[in-house]
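There are 2 protein chains.
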Amino acid sequence: MMDIYIGLVHHPVRNRLGETVTTAVTNLDIHDLARAARTYDVRATYYVTPIEQQRSLVRRIITHWQEGDGAEFNPVRAVAFERTRVSEDVSEAILEIERETGHKPLTVVTGAQLIENTTSYNTLRQRIEDTEGSLLLLFGTGWGLTDEFINGCDKRLPGINAVSGRDDYNHLSVRSAVSIILDRLLGDRCTSHGRVA
Amino acid sequence: MMDIYIGLVHHPVRNRLGETVTTAVTNLDIHDLARAARTYDVRATYYVTPIEQQRSLVRRIITHWQEGDGAEFNPVRAVAFERTRVSEDVSEAILEIERETGHKPLTVVTGAQLIENTTSYNTLRQRIEDTEGSLLLLFGTGWGLTDEFINGCDKRLPGINAVSGRDDYNHLSVRSAVSIILDRLLGDRCTSHGRVA
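Written out as structure tokens, the structure is:
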């Protein structure tokens, strides 16, 4: 089984005008992603931003919940934060993962608008189960990753939709998107057909 | 196909000491749930709280994003908020759904700790696809719904876990849990085996 990592990318991403910008780290992303990542046994979540003050903010939040008053108030949260990291860019995260696992990670990008040249969730799920190695799932913030960034990744997953197809609205928060994609790739549903009545 | 509704219950729920309390409505829940609910074509999301000031806060947030500066800043968000509602308790939501759809909704409860007497996601998914009627998915806030509340519901879904089973950590945020459960019941994954290469 592959080792799974997440990268939440704050640069390069687009703003609502389509310009390339750096977004700010969101405190709640760290909380929700840490809990989801821990539930699905993700090895680490990287907050990717070129701004040192932002990386240092993430480190302070982690410390608060792991060592400070937060750890005493909510020990379950402390456990989740163990696997939260920062990196200056994606290359730095890739190098660290390679050092840690001995494998250069497969980079997989996701996005609401991705339609062409996509790998299905089931194909990737099977590969995760059957293969050694590591995989870095990359998510954009703001209005999404830039085309150049997307083109530099190994695989792309299609946007998430409802089966009903009655609607083409697809504007999930990154917190929802990460949770759903972890479940599609790593959740117990597909193997539990009829397991419980 | 059944009409799907969500209820986010702020009372009766437990605090971390196991006492029955009323939690505060969280602004970010409204944003994330509205977007997830709209993506999966949920007919409405109810914020259930006996405290009138809290219901009025939810109404003010909806108005801001639908009519105020928010609608101009982010019209996509305005669309999501169309289906956000409040109710004093679950009975009120049930009555409103019955009036709207002509069917008393099946009440389905979810929770990290539910193991016994559960209905599998696939069984419920099939029922949603094959049946007329309506379904109200109920989620607890705080440390979860009270036992009494759970026992009063028609069906219960099992807690969400990773297939790896390497770990029994299961402390998702309600934002993650709602997103994942909507995807398990209504997402396009199960029918898209091999649809995209």
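Listed in order, the protein sequences are those of chains S and P. Here my numbering runs 371 ahead of the position in the first sequence, where the first position is 1. Here my numbering runs 371 ahead of the position in the second sequence, where the first position is 1. Beta carbons: idealized from backbone N, C-alpha and C, even for Gly.
- In this chain, the beta strand (DSSP E) harbouring P/Thr416 covers 415-419.
- For P/Asp403, the nearest beta carbon of chain S is closer than 8 Å to its own beta carbon.
- Here P/Asp403 has Arg546 as same chain residues with Cβ atoms under 7 Å from its own Cβ, once five neighbours each way along the sequence are excluded.
- Looking only at P/Ile486, P/Ala464, P/Leu528, P/Phe510, the smallest Cα-Cα distance to P/Leu495 is reached by P/Leu528.
- Going by beta carbons, S/Gly523 and S/Gly482 fall outside the 8 Å limit.
- In terms of Cβ geometry, S/Arg385 and S/Thr393 do not form a close pair [threshold 8 Å].
- Across the stretch 542-554 of chain P, CB contacts with chain S closer than 7 Å involve His542, Leu543, Ser544, Arg546, Ser547, Ser550, Ile551, Asp554, in sequence order along the chain.
- Setting aside the 5 residues that flank it on each side, P/Asn488 is surrounded in the same chain by Arg527, each with a C-beta closer than 8 Å to its C-beta; the list follows chain order.
- Here S/Phe510 is bridged, per DSSP, to S/Leu379.
- In this structure, the CA atom of S/Glu467 is about 13 Å from the CA atom of S/Asp374.
- By the neighbour-count criterion, in which 16 or more other beta carbons inside 10 Å mark a residue as buried, P/Asn398 falls on the exposed side.
- Between P/Gly513 and P/Leu485, the C-beta gap is not smaller than 8 Å, which leaves the two residues out of contact.
- Along the length of the stretch 444-525 of chain S, whole beta strand (DSSP E) runs at least 3 residues long occupy 455-458, 477-481, 505-511, reported in chain order.
- Across the set P/Glu469, P/Asp518, P/Val450, the C-alpha of P/Glu469 shows the shortest separation from the C-alpha of P/Glu503.
- A straight line joining the alpha-carbon of S/Ser544 with that of S/Ile551 spans about 11 Å.
- By a beta-carbon distance limit of 8 Å, S/Tyr417 contacts S/Arg456. Their separation comes to about 5 Å.
- Look at the stretch 446-479 of chain S: the residues with a C-beta under 9 Å from a C-beta of chain P are Val447, Arg448, Val450, Ala451.
- Counting along the chain, S/Leu428 sits inside the alpha helix (DSSP H) bounded by residues 423-437.
- Chain-ordered, the chain P residues with CB closer than 7 Å to the CB of S/Asn532 read Asp559.
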